[in-house]
Amino acid sequence: MKPFSSYREIDNVIEEFRNLSGDKRYPSPAQLLHYILKHDSGRHFNEICRYFGQATNDDVMPIRGRLELLETVGLVVKRKKNKYRIPPERVLAEGVIAVNPKGEGSVMTSSGNHAGIFPLNGSQARRVIHGDRVLCLLVAGKRNKIEQIHVLGVLNRPAHSVVGEFIIDTRGRPVVRPLNDRIRNSVVVKNKRKSRAKEGDIVTVAFTSIPFAKGGISGEIVEVIGRSEAPQLRTTIALNKHDIPFIWPGDAIDESRNIESDCQPPAPDSYRTDLRDIPFITIDGSDARDFDDAVFCSQENYGWRLIVAIADVSHYVQTGGALDREAYQRGTSVYFPDQVVPMLPEALSNGICSLNPDEDRNALVCDMQIDAHSQVSKYRFYQAVIKSQARMTYEEVEAFLNLGRDEYLSKNKQLSSSINNLKSVAMGLESSRMGNGSITFDFPEARIDLDEDGQIRSIEASKRLHSHKIIEECMLVANRCAAEFIHQRYGNRALYRVHPGPTPEDIDTLRQQLQVMGVLLEGGRQPGPSDFQKLLEGIIDDEGLFNAAQILLLQRMGRAVYVPELSDHFALGFSHYTHFTSPIRRYGDLVVHRLIKTLIKIPGYSREFPSSMSLDETSSQCSMTERRADAAVYDVIAWFKAAYMLHKIGKRFPGVVTGVKEFGLFVRLDEIYVDGLVHISKVGPEYFIYDEASQTLSGERTGATYRLGDRVVVRVLNVDLPESRISLAIHQEKLDQMYSQ
Numbered sequence: 095m096k097p098f099s100s101y102r103e104i105d106n107v108i109e110e111f112r113n114l115s116g117d118k119r120y121p122s123p124a125q126l127l128h129y130i131l132k133h134d135s136g137r138h139f140n141e142i143c144r145y146f147g148q149a150t151n152d153d154v155m156p157i158r159g160r161l162e163l164l165e166t167v168g169l170v171v172k173r174k175k176n177k178y179r180i181p182p183e184r185v186l187a188e189g190v191i192a193v194n195p196k197g198e199g200s201v202m203t204s205s206g207n208h209a210g211i212f213p214l215n216g217s218q219a220r221r222v223i224h225g226d227r228v229l230c231l232l233v234a235g236k237r238n239k240i241e242q243i244h245v246l247g248v249l250n251r252p253a254h255s256v257v258g259e260f261i262i263d264t265r266g267r268p269v270v271r272p273l274n275d276r277i278r279n280s281v282v283v284k285n286k287r288k289s290r291a292k293e294g295d296i297v298t299v300a301f302t303s304i305p306f307a308k309g310g311i312s313g314e315i316v317e318v319i320g321r322s323e324a325p326q327l328r329t330t331i332a333l334n335k336h337d338i339p340f341i342w343p344g345d346a347i348d349e350s351r352n353i354e355s356d357c358q359p360p361a362p363d364s365y366r367t368d369l370r371d372i373p374f375i376t377i378d379g380s381d382a383r384d385f386d387d388a389v390f391c392s393q394e395n396y397g398w399r400l401i402v403a404i405a406d407v408s409h410y411v412q413t414g415g416a417l418d419r420e421a422y423q424r425g426t427s428v429y430f431p432d433q434v435v436p437m438l439p440e441a442l443s444n445g446i447c448s449l450n451p452d453e454d455r456n457a458l459v460c461d462m463q464i465d466a467h468s469q470v471s472k473y474r475f476y477q478a479v480i481k482s483q484a485r486m487t488y489e490e491v492e493a494f495l496n497l498g499r500d501e502y503l504s505k506n507k508q509l510s511s512s513i514n515n516l517k518s519v520a521m522g523l524e525s526s527r528m529g530n531g532s533i534t535f536d537f538p539e540a541r542i543d544l545d546e547d548g549q550i551r552s553i554e555a556s557k558r559l560h561s562h563k564i565i566e567e568c569m570l571v572a573n574r575c576a577a578e579f580i581h582q583r584y585g586n587r588a589l590y591r592v593h594p595g596p597t598p599e600d601i602d603t604l605r606q607q608l609q610v611m612g613v614l615l616e617g618g619r620q621p622g623p624s625d626f627q628k629l630l631e632g633i634i635d636d637e638g639l640f641n642a643a644q645i646l647l648l649q650r651m652g653r654a655v656y657v658p659e660l661s662d663h664f665a666l667g668f669s670h671y672t673h674f675t676s677p678i679r680r681y682g683d684l685v686v687h688r689l690i691k692t693l694i695k696i697p698g699y700s701r702e703f704p705s706s707m708s709l710d711e712t713s714s715q716c717s718m719t720e721r722r723a724d725a726a727v728y729d730v731i732a733w734f735k736a737a738y739m740l741h742k743i744g745k746r747f748p749g750v751v752t753g754v755k756e757f758g759l760f761v762r763l764d765e766i767y768v769d770g771l772v773h774i775s776k777v778g779p780e781y782f783i784y785d786e787a788s789q790t791l792s793g794e795r796t797g798a799t800y801r802l803g804d805r806v807v808v809r810v811l812n813v814d815l816p817e818s819r820i821s822l823a824i825h826q827e828k829l830d831q832m833y834s835q
C-alpha cells in the first residue's frame with residue numbers, strides 16, 4: 095500500500111474526519127480506528143456496531159459510510175471473513191497531548207517501538223488541548239524513523255472546563271481567554287446574556303463543543319468568579335493550571351443521585367457482620383466533613399483487639415461506572431485552605447459513605463489481634479455494619495488523655511476505655527515500628543486561618559498531638575495488613591505503596607552535605623532506615639539543624655509512589671505496604687478494597703477488574719494525581735502566604751536557612767512558616783562564593799559562611815503577589831556587627 099503522497103492529502107482526510115466527528119450520535123473515525131486497532135484479529139461489521147450501541151438500519155448506515163471512507167484512504171482493510179483490520183503499512187498509536195507553558199504542543203506516545211515525544215505544528219496544535227488523549231498516524235521515513243505525526247482525532251478529553259478572562263475579541267465575539275498557559279485556545283461563549291459576565295471578569299467556562307470537530311472550541315459560562323484580586327480565584331486558577339477536574343460530568347451527577355435515591359439502609363447479612371454494638375469512634379480534624387475511618391480497641395488475654403473500620407465506598411461505586419471513571423480522573427480529594435475538591439460527590443463523601451456518628455454505615459473491616467510485643471499475631475478482613483458512637487477531634491481526644499476532661503466520654507465508660515486502649519496499643523506499635531527501622535519525619539506545618547471574606551486572619555504552626563499518633567499508628571498497621579493479605583493471595587502483582595531508598599551516589603552526596611553541618615551518618619555505603627532515624631534523633635533538640643537534615647534526607651530519597659509490583663517502603667521500613675484506609679479520598683484505596691473483596695469472595699468482585707484501567711495505568715494515575723494535588727495546594731498556600739506578608743514589608747523575623755543556591759538563600763520564618771528568598775545581592779556587602787558540594791555561600795573577603803540549618807534574622811523587602819514570591823534581606827544590623835568584629 096503506497097503512503098500518502100503529500101501533507102495536503104493527509105490534511106484533506108483529517109478535515110473530513112473533523113466533519114464526521116461533529117455528529118456525536120455516531121463514533122468518530124478515530125474511535126472506529128482505535129477499536130479496530132485494539133483487536134489484532136480484526137472485527138466484523140456487526141461486532142463494531144454492537145460495541146458502539148448501534149442496532150437499527152438508520153444507525154448502522156453512517157457507520158458503514160465511515161468504514162468505507164477509512165478503506166478508501168487506506169487506514170483499514172477488509173480481509174478474511176470480512177473482518178476489518180489495520181494494514182501493517184499504517185502505524186497508528188495512542189498519545190497524550192502535552193503543551194508546555196510557552197504554548198508549544200507535542201504528542202507523547204507509548205506504542206511499542208514507536209514510543210516517543212513528537213512536536214505538533216501550529217494547525218494541529220489548534221485542534222486539540224493539553225491533556226487530550228488522541229489517536230495518531232505515524233509516518234516513517236528512511237531507516238524506519240518517524241518523520242511525521244498526524245492527529246486523527248480525540249479519544250478522550252479529561253478537561254471539562256477552563257478558567258479564563260472574559261473578553262470581546264477582535265472579531266467582536268465573546269470569548270474566554272484561558273489563564274492556564276498550557277491551553278492556548280480561546281473558548282467562544284454561547285450564553286453571554288445568561289451568564290451576566292462583564293468584560294474583564296474571571297470566569298469558569300464548561301466546554302460544550304465536541305472535541306476535534308470543526309468550528310473551534312465553544313462553551314458556556316458556569317461561574318463568574320470575580321476580579322483577579324479575589325482570594326477564591328487562586329484555588330480555581332490552581333485547579334485549572336494543574337488540570338484537576340472540579341466540575342462533575344452529567345453522567346456522574348446522575349449516577350450519584352441514583353445511588354442516593356436507591357440506597358437501602360445498611361443491614362447485616364451472610365456477607366456483612368453486625369458490629370453496631372461495638373463503640374467505634376472517629377477522630378479527625380475540627381474541619382473534617384468526610385469520615386473514612388473509625389477505630390475501636392479492647393484489652394484481651396492475648397494483648398489487644400484493634401478494629402479499624404473503613405468506609406465501604408466500593409459497595410456504592412461500581413467499577414467502570416461514571417463515578418468510578420471520574421474518581422479515576424481525580425485520583426484524590428484536594429484540600430485547599432479555602433475549600434475541598436472531593437474525589438466523590440458530597441452526597442457520597444459526606445453522606446452515605448461517611449462514617450457519621452449515630453448512623454448505620456457499611457464498612458470494610460480490618461480486625462487485628464496484637465500481642466504483648468506489639469506484633470500483629472492474626473488479622474481478618476470482612477464486611478460489616480457499624481455505628482460510630484462519637485465524632486471527636488484530635489484536640490478533644492488529647493484533652494481527655496491528658497486531663498480526663500470530656501463530659502461525654504466521662505459518662506461513656508466503653509468509649510473512654512477504648513480511647514485509653516487505643517493510646518496504649520498505638521504507643522506499642524510505634525515503639526515496635528521504630529525499633530524495626532522506621533524513619534519519622536516531623537515537619538511543622540502552617541495552619542492558615544481565613545476570615546469570612548477569604549482573607550488570612552493568622553498563620554500558625556499546627557501541633558502534632560498524641561491523638562494524631564494514635565490514628566496514624568492504627569492506619570499504618572491496617573495498611574500493612576492489607577498489603578500482606580493481597581500479597582499472600584496475588585503475589586507481587588497488585589497495587590502497592592513504595593518508597594525508594596537513596597542510591598549509593600545519593601548517599602555519598604548526602605554524607606558530604608551532612609558533614610558540613612557537623613552531622614554524622616552511620617551505616618557505611620548502604621545505610622538503612624534505622625541509621626537515618628538515629629541521625630535525626632541525635633539532633634532533634636536543634637530545631638533548625640533537625641529541619642535542614644530532614645530536607646536533605648527527603649531530597650535524596652525521592653517520594654513515595656504507587657506501583658503494580660511489590661517493593662519495599664524504605665522510610666517506613668516495611669517490606670509490604672499499601673493504602674487501604676481512605677477510599678473516600680484516594681482512588682488507590684478504593685482499588686485495594688476491591689482486591690480484598692475478591693479475596694474474601696464477596697459476589698460481584700473480580701481480580702481482573704478492580705479499576706477502570708489496568709493496574710499499571712492505575713498505579714501511574716494515582717501517583718500522578720497525588721503529585722498534581724500537592725503542587726496545586728502548594729501554589730495556593732504560597733499565594734495566601736504572600737498575601738499575608740504584603741502587610742509585613744519592612745518587618746524583621748527570625749528564621750532558618752532551608753536552601754542554599756548560587757543565587758541566594760531560602761529562609762523559612764519562625765512561627766509562621768513562610769518561605770522567602772534572600773537574593774545573593776542581599777546576603778551581605780561583599781561577593782559570596784557558592785559551593786555546590788557543601789551547599790554553602792561564603793564571603794570572599796571575610797569568609798562569613800551560610801549553610802543549611804543556620805539561624806538568621808531577615809527583613810521583608812518586597813512581595814510579588816502574582817508570582818507568590820517573597821523577597822528578604824539578611825538583617826543589616828546583624829551583618830554590621832559581624833563585619834566589625
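For the sequence shown, the numbering used here assigns the number 95 to the initial residue and increments by one for each residue that follows.
Glycine residues also receive a C-beta, built at the ideal position from the N, C-alpha and C atoms.
- Apart from the 5 residues on each side of it in sequence, P697 sits with its Cβ closer than 8 Å to the Cβ of Y365 in its chain, given in chain order.
- Annotated three-state conformation of G310 is coil, per DSSP.
- By the neighbour-count definition (other C-beta atoms within 10 Å, threshold 16), T790 is a buried residue.
- Following the DSSP letters along the chain, one finds H773 inside the beta strand (DSSP E) bounded by residues 769-773.
- Relative to I223, the option among G159, K175, F306 whose CA is nearest is F306.
- Bridge pairing for H663: H593, F668 [DSSP].
- When only Cα atoms are considered, G595 and K335 end up about 31 Å apart.
- In the three-state reduction of the DSSP assignment, E183 falls in the coil class.
- Note on M202: under 16 other CB atoms within 10 angstroms of its CB, so exposed under the neighbour-count rule.
- V491 carries a helical assignment under DSSP once its states are collapsed to helix, strand and coil.
- Judged by their CB atoms, Q433 and P339 are not nearer to each other than the 8 Å cut-off.
- When only Cα atoms are considered, N573 and L333 end up about 30 Å apart.
- The three-state reading of DSSP puts T166 in helix, counting H, G and I together.
- D387 has I404 as its beta-bridge partners, per DSSP.
- Around the beta-carbon of I743, fewer than 16 other beta-carbon atoms lie within 10 Å, marking it exposed.
- At a Cβ-Cβ threshold of 8 Å, A124 and V185 do not count as neighbours.
- The C-beta of I211 has fewer than 16 other C-beta atoms within 10 Å across all chains shown, which makes the residue exposed.
- Counting C-beta atoms within 10 angstroms of its own C-beta, S700 has fewer than 16 neighbours from the protein chains shown and is therefore classed as exposed.
- Approximately 5 Å separates the beta-carbon atoms of V318 and V297; this is inside 8 Å, confirming the contact.
- Annotation for E780: G793, E794, R795, T796 place their beta carbon closer than 7 Å to its own, counting only its chain and skipping 5 residues before and after.
- Counting C-beta atoms within 10 angstroms of its own C-beta, A219 has 16 or more neighbours from the protein chains shown and is therefore classed as buried.
- C-alpha of A253 to C-alpha of N279: approximately 13 Å in a straight line.
- Per the DSSP secondary-structure output, V761 pairs in a beta bridge with V751, G770.
- Per the C-alpha coordinates, the member of K239, N395, Y784, H673 positioned closest to E578 is H673.
- When R112, E293, R271 are compared, the shortest CA-CA separation from K308 is found for R112.
- Under the rule that a run must span 4 or more residues, the alpha helix (DSSP H) segments found entirely inside the stretch 594-661 read 598-610, 623-632, 637-651.
- Counting only the Cα atoms, F760 lies some 16 Å from F640.
- For a cut-off of 8 Å, the C-beta gap from C230 to G189 is around 5 Å, short enough to register as a contact.
- S556 has E539 as its beta-bridge partners, per DSSP.
- Between V257 and L273, the CB-CB gap stays under 8 Å.
- Taking a 10 Å sphere around the C-beta of Y178, we find 16 or more other C-beta atoms and assign the residue as buried.
- DSSP, read as helix, strand or coil, puts I319 in strand.
- When H208, L249, G216 are compared, the shortest CA-CA separation from E241 is found for H208.
- Each of V768, E756, H560 was checked against the Cα of P748, and the nearest Cα belongs to V768.
- The DSSP-derived three-state label of M155 is helix.
- Note on geometry: alpha-carbon atoms of C391 and P451 lie some 18 Å from one another.
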